[in-house]
Every structure is written in structure tokens, then in C-alpha cells.
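Input: a single structure, listed below in C-alpha cells.
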Amino acid sequence: MSHSNTPSPKRFKSSGALTGRIAVPGDKSISHRSLMLGALAVGETRVSGLLEGEDVLSTAAAMRAMGATIHRGDDGVWSIHGVGVGSLLQPEQALDMGNSGTSTRLLMGLVASHPIRAVFTGDPSLSKRPMGRVITPLSQMGASFEASPGGTLPLMLRGISPAVPITYRLPVASAQVKSAVLLAGLNTAGITRVIEPVPTRDHSERMLRGFGAKLDVGEESGERIIEIHGEADLQPQTITVPGDPSSAAFFTIAALLAPGSDLVIENVGLNPTRAALFDVLRDMGGSIEELDRREVGGEPVADLRVKHSALTGIEVDPAVVPAMVDEFPILFVAASLAQGTTTTRGLEELRVKESDRLAAMAAALTLAGAKVEEYGDGLVIEGTGGDPLPGTADGVAITTHLDHRIAMSMAVAGLASDNGVKVDDTAPIATSFPTFETLLSVATSG
Ligand code: S3P
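Residue numbering for the sequence shown is 1 to 446, as defined by the UniProt record's numbering.
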């Protein structure tokens with residue numbers, strides 16, 4: 001599913017303190033995986049708190065096209081009747097992945113070890129993103145591909161059964177690639193092994209185990225070794241999806257930056273492979289308190305109380321990048337308002353996300369009046385010391401390049417500016433956070 005082609009521009013301006021309590025929608029990564037694994041378990045899986053963003057709806061549509069029955073109840077709980085591992089059906093039409101890299105790469109893994117053929121298509125942003133990183137291991141397992149030049153969409157994937165179990169050492173720190181191989185391993189006899197030199201988000205491992213797959217995680221010479229035992233039988237589950245820390249990030253930084261703010265963000269997922277942003281912000285002087293730490297759906301969760309704080313620039317350790325890979329665009333906004341210099345390196349992966357996020361954020365923040373230097377693998381930002389950014393000039397809009405996180409980051413920059421920031425298109429926000437603007441009004445309504 002793709003959002004409307006008509007751009008929806010908007011100027012975001014300072015609207016005072018953020019106060020009260022809000023709850024962000026369900027985690028995108030966990031939502032995708034609950035639909036995929038539910039679609040492979042025979043019987044009914046029930047999912048509450050599913051993110052109803054366009055990316056996740058693309059996954060739901062694809063799983064339906066391959067045989068699962070998926071519907072949303074009036075109570076907001078999603079019900080999935082799966083087909084069983086090995087029994088995905090040949091989709092009759094191309095699978096339209098919209099803007100969603102996660103749907104594409106994980107589903108390529110699933111299809112690769114089934115004896116079916118699928119065509120994957122996407123919007124202009126997704127059609128530029130590299131798929132070679134999953135084509136390589138899945139080809140080793142026996143699947144074959146006809147991709148567009150540069151290993152991009154549209155592409156046709158011919159799966160194979162039986163597929164060949166492999167040991168694959170990740171050449172890039174990518175949970176999507178890891179998950180594609182593990183999901184292909186589900187329907188592959190024997191042990192499929194992924195070696196992860198740098199740990200990435202582990203939602204697939206947690207959820208595969210939760211559905212009853214035999215999955216072992218070990219460590220050798222500082223590397224994570226993940227083994228899935230194939231021809232798994234998945235058991236249907238009841239899942240509660242925690243709130244998405246990547247969505248909470250926008251409100252956390254908006255509250256840190258807006259004087260007088262004191263905001264509680266409820267039910268935020270704090271899986272250590274995801275939550276490094278909150279530690280980095282604390283190191284910068286941010287007041288972020290965890291309340292009522294608990295477990296939801298096999299994931300650590302807390303309510304976050306965030307108060308306006310004076311931030312100081314820091315050098316961000318490149319080792320934390322995988323644990324906050326999606327949060328750099330909004331961190332750059334915090335850095336633009338901090339006292340002193342913030343240095344970020346090791347971010348080459350940001351160039352192949354929904355947009356080239358280093359170039360897009362450097363251009364957008366510069367237009368809004370921030371001091372930014374762009375390097376091949378990061379940005380160095382000289383903050384204002386708490387003074388608002390000037391904002392974009394009348395008639396000048398920053399470009400989001402079909403990237404939801406650029407749109408939301410620059411919306412927050414607008415809240416922390418004198419004249420506001422005009423965002424050329426807010427439509428992409430619906431891919432991951434359809435209630436973003438509504439929650440912003442709630443939090444700033446006093
Ligand atoms: C995701 C993994 C990350 C992240 C994406 C979601 C996932 O991508 O950027 O938004 O759900 O596995 P990479 O694994 O390519 O870094």
C-alpha cells in the first residue's frame with residue numbers, strides 16, 4: 001500500500017510546552033513480525049497494539065495474498081489464521097511493498113524457501129534501496145532472482161523447497177538481513193546459522209522462540225551466533241505489541257527542547273538492542289525517567305517521563321549505532337539545539353534508508369538555520385545552546401524524499417524554531433506513525 005501521491009505540505013511552529021500523558025502506537029518491527037509468524041502458525045494468533053501504519057498494512061496484504069486470513073476486530077485486536085510453515089501460496093499478483101524495506105526483505109526470506117514465485121514492487125523510495133544484501137544469502141540457499149539494475153525492485157523471486165541450510169556471516173549490521181535468513185531457515189531442513197559480528201535488534205529471535213521455533217543463540221569470539229532448526233512447527237500466540245521507541249523518540253526530543261515540558265510517554269519498548277537513543281540523550285543532559293519498568297509481549301517496557309532540559313553536545317560512540325539506527329535524524333535535531341558540538345560517525349547505513357538520511361537531514365537542518373557539516377559517514381553539528389533555530393524562510397520547504405522520519409524530525413525542528421519549519425510533504429508520516437500530528441496537538445494543548 002502506498003500513501004497518496006498528492007503532497008501534503010505543512011509548517012510546524014513552536015506550540016509551547018508538551019505536557020500530560022500520551023501513548024505512541026505499536027512497534028513497527030514487532031508488528032511486521034507478528035503478522036508474518038502468525039501467518040505461518042496453524043490456528044488463530046491474536047495481536048493487540050498492532051501498528052496500523054501503511055508499512056505494516058503492506059505486510060498484512062502480502063500475507064493475505066499468500067493464503068493467511070487476517071482481520072481487525074471491532075475491539076482493535078487483529079486476528080490471523082495462518083497456513084503453516086511450508087504452505088504459503090503462490091501470490092496471484094505482484095506484492096506491493098509501498099515504502100517498506102522491512103516488509104520487502106523479511107518477506108523475501110519467507111518466500112525464498114517456499115516453492116512459489118513472487119514479484120515485489122515498491123514506491124520510488126523503496127525502488128532505490130539495495131536488495132543485494134538479501135539476494136546474496138538467499139541465492140546461496142537456492143532461491144533465484146531477477147532484479148532491476150543494481151539489485152533493486154521491482155524484482156522477481158523464485159523460491160525453492162527444499163532449500164539449503166547455510167551459515168551466513170552478516171557483512172552489514174542489519175536486522176533485516178539477519179531476519180530474512182532466519183525466516184528462510186524456518187522451512188529449511190537442518191540448521192541455518194547467522195553470525196552477527198555486531199548485534200542488531202533481536203525481535204525476530206524473541207518472537208521465533210515465542211512461537212515455538214527451536215532457536216539457539218550463542219557467542220564465539222565476541223560474535224553472536226544464531227541458529228534456527230528448520231522445518232519448524234509454529235504455534236499460534238496471543239501478542240501484545242509494546243509502543244515503538246522509534247516513535248517515542250520524536251516526542252522525547254520535542255519535550256526535551258520545549259521550555260516548560262513535562263510529558264509522560266506510556267508503554268515504550270526498551271529492548272536494549274533498540275533503546276540507545278535514551279541513554280545518549282541522558283548523556284547530553286536530558287531528563288528522561290523510566291517509570292514502572294515491566295515486560296510486555298516478551299519485551300522490556302516502561303513509561304518515560306521527559307522534562308525540558310538544557311542539552312550539551314557529545315561525541316556519539318559509533319558502537320551504539322545499530323541500537324538507534326533509526327533515531328539519528330531526530331538526534332540531529334536535538335544536537336542542533338544543544339550547547340556545543342555533537343559528532344556522529346559510523347553512519348554509512350543511513351545513506352540507504354527510506355532516503356539518504358545524512359544528506360536529507362544536513363540539507364533540511366541547514367535550511368532551518370542549523371550549523372551542520374556533512375561527512376561520508378556522519379554529521380557534525382554545532383548547536384545553538386538552546387536558542388531556537390531561525391526556521392525556514394517563507395515559501396521555503398524542506399524536502400522529505402518520501403521519508404517519514406525526515407518529515408517528523410523536521411516537524412520537531414519546527415517546534416523549536418522562531419518562524420517554524422515548512423515540511424514539503426507530511427503524507428509519508430502515515431507509513432509508521434499515523435497519529436503523529438494528533439498526538440502533537442494533544443501534548444501541546446496544555
Ligand atoms: C528493521 C531494521 C532496521 C531498521 C528498520 C527496521 C527491522 O533496518 O532501520 O526501520 O524491523 O528489522 P536494517 O536492519 O537494514 O538496519
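Glycine residues also receive a C-beta, built at the ideal position from the N, C-alpha and C atoms. Quantities reported herein were computed from a predicted structural model and do not represent experimental measurements.
Check: residue i C-beta below 6 Å from any heavy atom of ligand 1
i, result
"D326", "yes"
"S31", "no"
"S174", "yes"
"T188", "no"
"T252", "no"
"T102", "yes"
Alpha-carbon to alpha-carbon, residue j and residue i
i, j, result
"T342", "L106", "34 Å"
"M1", "E54", "Its pLDDT being 43, under 50, M1 is placed unreliably by the model, and the measurement read from it follows with that caveat. In a straight line, the C-alpha of M1 is about 6 Å away from that of E54."
"L291", "P300", "12 Å"
"I406", "K353", "11 Å"
"G185", "L256", "43 Å"
"residue 489", "I116", "An answer regarding residue 489 cannot be provided, because it is not within the stretch 1 to 446 covered by the chain."
"G346", "E327", "14 Å"
"A364", "F12", "14 Å"
"A275", "A254", "17 Å"
Close-in-space but distant-in-sequence residues of the same chain around residue i (CB under 7 Å, 5 per side omitted)
i, result
"A362", "V372, E374, L379"
"E382", "T341, K371"
"P329", "R357, M361, R405, I406, S409"
"S31", "L50, L51, V56, V241"
"R209", "L215"
Cut-off 8 Å between Cβ atoms - residues of its own chain near residue i, not counting five sequence neighbours on either side
i, result
"R351", "R357, L358, A359"
"V280", "I314, V316, V320, M324, L331"
Same chain, Cβ closer than 6 Å to residue i, five either side skipped, listed in chain order
i, result
"E227", "I191, R193, D216"
"A175", "T200, R201"
"A173", "V198, T200, P322"
"V77", "R46, S48"
"G86", "N187"
"L89", "M66, G67"
Distance CB(residue i)-CB(residue j) smaller than 7 Å
i, j, result
"G142", "A163", "yes"
"S139", "R158", "no"
"D424", "T444", "no"
"G391", "S417", "yes"
"L389", "P428", "no"
"S247", "V24", "yes"
"A258", "G285", "no"
"V412", "V333", "yes"
"A60", "L35", "yes"
"Q235", "G269", "no"
"V181", "R21", "no"
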